[in-house]
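One structure is given here, and the rest of the page talks about it.
Protein chains: 2
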Amino acid sequence: MAEPKKAKGTLTIYDVANRAGVSIASVSRVLNGQGSPRAETRDRVMRAVRELSFVRDGAARALSNGLKEVVGVVFRRGGEELFEGEDESFLFIDVINRGIEVGAQRRGFDLLISSVGFNDDNVAARIAALAGKADGLILHDRMLSTVGIARLADMVPVVTLAGSPTPASLNVRCDNGSGIRALVRHLVLDHGYRSLGYVSGRADSPDNRTRSRAFENEAAAVGATIDTGPAWQGNYSAAGGANVIETLLDSRKKLPRAILCANDQTALGVIHALAQRGIKVPQDVAITGFDDVPVARHLHPPLTTIRQPMKELGAKAFDVLYSRISAGGGKADTVLPVELIVRESCGCPPGSSPPQNPSPAGAGT
Amino acid sequence: MAEPKKAKGTLTIYDVANRAGVSIASVSRVLNGQGSPRAETRDRVMRAVRELSFVRDGAARALSNGLKEVVGVVFRRGGEELFEGEDESFLFIDVINRGIEVGAQRRGFDLLISSVGFNDDNVAARIAALAGKADGLILHDRMLSTVGIARLADMVPVVTLAGSPTPASLNVRCDNGSGIRALVRHLVLDHGYRSLGYVSGRADSPDNRTRSRAFENEAAAVGATIDTGPAWQGNYSAAGGANVIETLLDSRKKLPRAILCANDQTALGVIHALAQRGIKVPQDVAITGFDDVPVARHLHPPLTTIRQPMKELGAKAFDVLYSRISAGGGKADTVLPVELIVRESCGCPPGSSPPQNPSPAGAGT
DNA sequence: TATAATCCGGTAAGCGCTTACCGGTAAGCG
DNA sequence: CGCTTACCGGTAAGCGCTTACCGGATTATA
Chain A
1 MAEPKKAKGT LTIYDVANRA GVSIASVSRV LNGQGSPRAE TRDRVMRAVR ELSFVRDGAA
61 RALSNGLKEV VGVVFRRGGE ELFEGEDESF LFIDVINRGI EVGAQRRGFD LLISSVGFND
121 DNVAARIAAL AGKADGLILH DRMLSTVGIA RLADMVPVVT LAGSPTPASL NVRCDNGSGI
181 RALVRHLVLD HGYRSLGYVS GRADSPDNRT RSRAFENEAA AVGATIDTGP AWQGNYSAAG
241 GANVIETLLD SRKKLPRAIL CANDQTALGV IHALAQRGIK VPQDVAITGF DDVPVARHLH
301 PPLTTIRQPM KELGAKAFDV LYSRISAGGG KADTVLPVEL IVRESCGCPP GSSPPQNPSP
361 AGAGT
Chain B
1001 MAEPKKAKGT LTIYDVANRA GVSIASVSRV LNGQGSPRAE TRDRVMRAVR ELSFVRDGAA
1061 RALSNGLKEV VGVVFRRGGE ELFEGEDESF LFIDVINRGI EVGAQRRGFD LLISSVGFND
1121 DNVAARIAAL AGKADGLILH DRMLSTVGIA RLADMVPVVT LAGSPTPASL NVRCDNGSGI
1181 RALVRHLVLD HGYRSLGYVS GRADSPDNRT RSRAFENEAA AVGATIDTGP AWQGNYSAAG
1241 GANVIETLLD SRKKLPRAIL CANDQTALGV IHALAQRGIK VPQDVAITGF DDVPVARHLH
1301 PPLTTIRQPM KELGAKAFDV LYSRISAGGG KADTVLPVEL IVRESCGCPP GSSPPQNPSP
1361 AGAGT
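What follows is the structure, given as structure tokens:
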């Protein structure tokens, strides 16, 4: 009586209906809270469900409802050396995914995740497979080429993160441009530095292109001179940052008074390389990062950087995707504001207050 | 012609069949590689699929095949302060999940993940919802009570991680007992320490109970005296470890010659607290950890600990689940060997070789 | 008490796919 | 050249669920 029927094969709504002595329609209605079943009917159904440990099959529900309540998330895995520090990036991915999940849970969606190695070949195939199992897809940075995204968006609603919208896909990103502009203004307007440099990220990252361009434009706007060229090409890693500095120094170039870095990791490498050569930060050269990773505040000196609302990014991405899924709409490009975090690597004294220059992060287009 | 039909509503196999001028059966067969279609048939289908950007609906396939090719993964999120260091644990979760994914991908499965906050209320409901969307579930440590697991396993195949099997659910774990035993033997047999202590983890963790018990048993087996009691109760955190030491010291107890810690985080706190009181590791007290987190090797002194094959754990969990799903079988309890990592916190000299005592980690039951 | 309005709950169709079954055509054989 | 054997590919059933539609029972209204 406690264990009435030892689940032979699959348990269906018919089994529940039988046990409860009602029709499958009633079972379905009770389970969905539709209609107004008689109290007794409801009770009998609920009891049968409980006694049988019944769970509705998601596939059948999805087929009938035309909604799977599943969102696919695709991202790149760092190499296999997950244990070798440096992998802050995957932490961000995790935070963003968490944000997506928060948004998703509000709508009863779950996350179907698929990570792709840097050298996986059949990425497109894997993503297509995912597409079939989800109502829509969220793609992290640098997952697919623009045409790849466009093609994918033909099959299923797609939201990209930190990219740019295509005719069929939506995009959500943080306001990288504003972040860089805020940094430039702080360095030039508040500190009076006249010469700047920018250690860039991977050349193939849209994010990086945005940052580079904002750097050049804003520097020109505030009348600072900038040092550029292939020597400034980093790759988002500490080693890349250190390498840029060493190359620069070896070529006996004079370093600019302030150097912006594409991300905190890069800044870390830059600061380290500078220290090796006996160059003081921020006395000789001011440094800024981007991202505000956990260790940023513990660097020597504590790193002035830009904080991106990662979790909100994920949540927003889901919301946008959801509106596309349910209504077919959705804003093509959503931009989230970033926050300037002033610490000491820019030359500000410990415990300093926010910058004084007009309109810090968040302004501008 | 390039963009033939602007996907009105949902694209189905009928649309493909129409366009290719064949029947839906042929389309399905081509897409599944079943039967031996004529070359021309195959080509026409493939072309139509390409031109329409068609993807088969996963829900319909799942319903028809009785297989969703989705595995649900449930785990606990650390608090919301993801940015406050200390959260190594979620890193492990991530590595394990990665392992699950590796296993899953071999079978064309994807991961449906659902994380649960420490104070979420409707955990059971959320998990049940997941169950409907997946072919089986993998539960990380401490997700559900034993009866909760048993009930869940009534609805869907369940594999627990680092727990213990129930009549209906399977379990995969690392050989914690062996790890602790190897540590005890190393400390007692190789170093000659006669008195030991064990700073435990959360009381509600099955893993912790296993470790505690192994500690007591093995210590007795090799004839070492042990110090126990509520004062030794930690909670897997550095703060917890430090707290245990402070309490112990404040009560003017004499510390044992060697202290095993429930995990590396705890060891970290313990070493820190010891240093604060001027007690030297390993000269005055030897310390060991468990897990081998990334920082373990960078501690002062480098931490002797146990490495668990996290990724293999995940992959194995999937394999076990898969065999249960497909064949109904599956080993009830799978135990993976762990590895003793000897560094300096136990008293070994830098760059020392593996321990000499007979049968290190991996032996015993 | 007869009739209309209301309310429940059952029957059956259909979601998009896979596949058993079967008929038609081409190839093999005597 | 006629019959058997293969081989393709089409038709239709069914996977488990939701829900439109409808009929019977109940209650309200006259």
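Chains A and B are the protein sequences, given in the same order.
Here the first sequence is numbered in our numbering, starting from 1 and rising by one per residue.
Here the second sequence is numbered in our numbering, starting from 1001 and rising by one per residue.
Yeah, the Cβ is synthetic: ideal placement off N, Cα and C, and Gly gets one too.
Whose CA, out of the options, lies closest to the CA of residue i?
i	options	result
I245 of chain A	A:I271, A:I226, A:T334 and A:Y236	A:I271
A1273 of chain B	B:V1147, B:M1310 and B:N1243	B:N1243
A332 of chain A	A:P301, A:N171, A:T12 and A:I127	A:N171
P282 of chain A	A:S323, A:N263, A:A231 and A:R343	A:R343
L303 of chain A	A:L249, A:L183, A:R209 and A:V22	A:L183
G197 of chain A	A:I149, A:P230, A:D120 and A:R56	A:P230
D1120 of chain B	B:V1335, B:V1074, B:G1314 and B:D1207	B:V1074
L63 of chain A	A:F54, A:R126, A:G132 and A:V222	A:G132
Y322 of chain A	A:G72, A:T10 and A:V123	A:G72
R211 of chain A	A:S169, A:A262, A:T247 and A:R173	A:A262
P349 of chain A	A:P337, A:I325, A:H300 and A:V295	A:H300
L313 of chain A	A:V338, A:I279 and A:R324	A:V338
D1284 of chain B	B:S1195, B:V1295 and B:A1214	B:S1195
N1176 of chain B	B:S1345, B:C1346, B:V1335 and B:T1010	B:V1335
C1346 of chain B	B:R1257, B:I1325 and B:S1326	B:R1257
Hey, does residue i have any beta-carbon neighbour from chain A nearer than 8 Å?
i	result
A1128 of chain B	yes
G1132 of chain B	yes
D1094 of chain B	yes
A1315 of chain B	no
L1063 of chain B	yes
A1060 of chain B	yes
T1012 of chain B	no
Applying the criterion that 16 or more other CB atoms from any shown protein chain within 10 Å of the CB defines a buried residue, is residue i buried or exposed?
i	result
A129 of chain A	buried
I13 of chain A	buried
K1311 of chain B	buried
K253 of chain A	exposed
A1059 of chain B	buried
E218 of chain A	buried
T225 of chain A	exposed
A1153 of chain B	buried
D1250 of chain B	exposed
H298 of chain A	exposed
G1192 of chain B	exposed
D15 of chain A	buried
F92 of chain A	buried
Q1034 of chain B	exposed
K1280 of chain B	exposed
T167 of chain A	Per the sequence shown, residue 167 of chain A should be read as Pro rather than Thr. Flag for P167 of chain A reads exposed.
F54 of chain A	buried
Q308 of chain A	buried
Between residue i and chain B, is there a C-beta pair that is closer than 8 Å?
i	result
V70 of chain A	yes
D57 of chain A	yes
S345 of chain A	no
D291 of chain A	no
S326 of chain A	no
S145 of chain A	no
S53 of chain A	yes
G85 of chain A	Because the pLDDT at G85 of chain A is just 41, under 50, the model does not fix this residue reliably, and the point stays unresolved.
Do the region 252 to 269 of chain A and the region 282 to 301 of chain A touch if we need at least three Cβ pairs shorter than 8 Å? yes
Output, in sequence order along the chain, the residues in the region 149 to 166 of chain A whose CB is closer than 8 Å to any CB in chain B. R151, D154, M155 and V156
Is the number of C-beta pairs between the region 200 to 208 of chain A and the region 230 to 248 of chain A that are closer than 8 Å three or more? yes
Should the region 138 to 146 of chain A be called in touch with the region 1153 to 1162 of chain B, which here means at least 3 C-beta pairs below 8 Å? no
On the three-pair Cβ rule with 8 Å, is the region 1089 to 1108 of chain B touching the region 1313 to 1323 of chain B? yes
With 9 Å as the limit, tell me which residues of the region 100 to 117 of chain A have their beta carbon closer than that to any beta carbon of chain B; keep them in chain order. E101, Q105, G108, D110, L111, L112, I113, S114 and S115
Do the region 1040 to 1048 of chain B and the region 1009 to 1024 of chain B meet, that is, are 3 or more Cβ pairs less than 8 Å apart? yes
Note down, in chain order, all residues in the region 174 to 200 of chain A with a beta-carbon under 8 Å from any beta-carbon belonging to chain B. none
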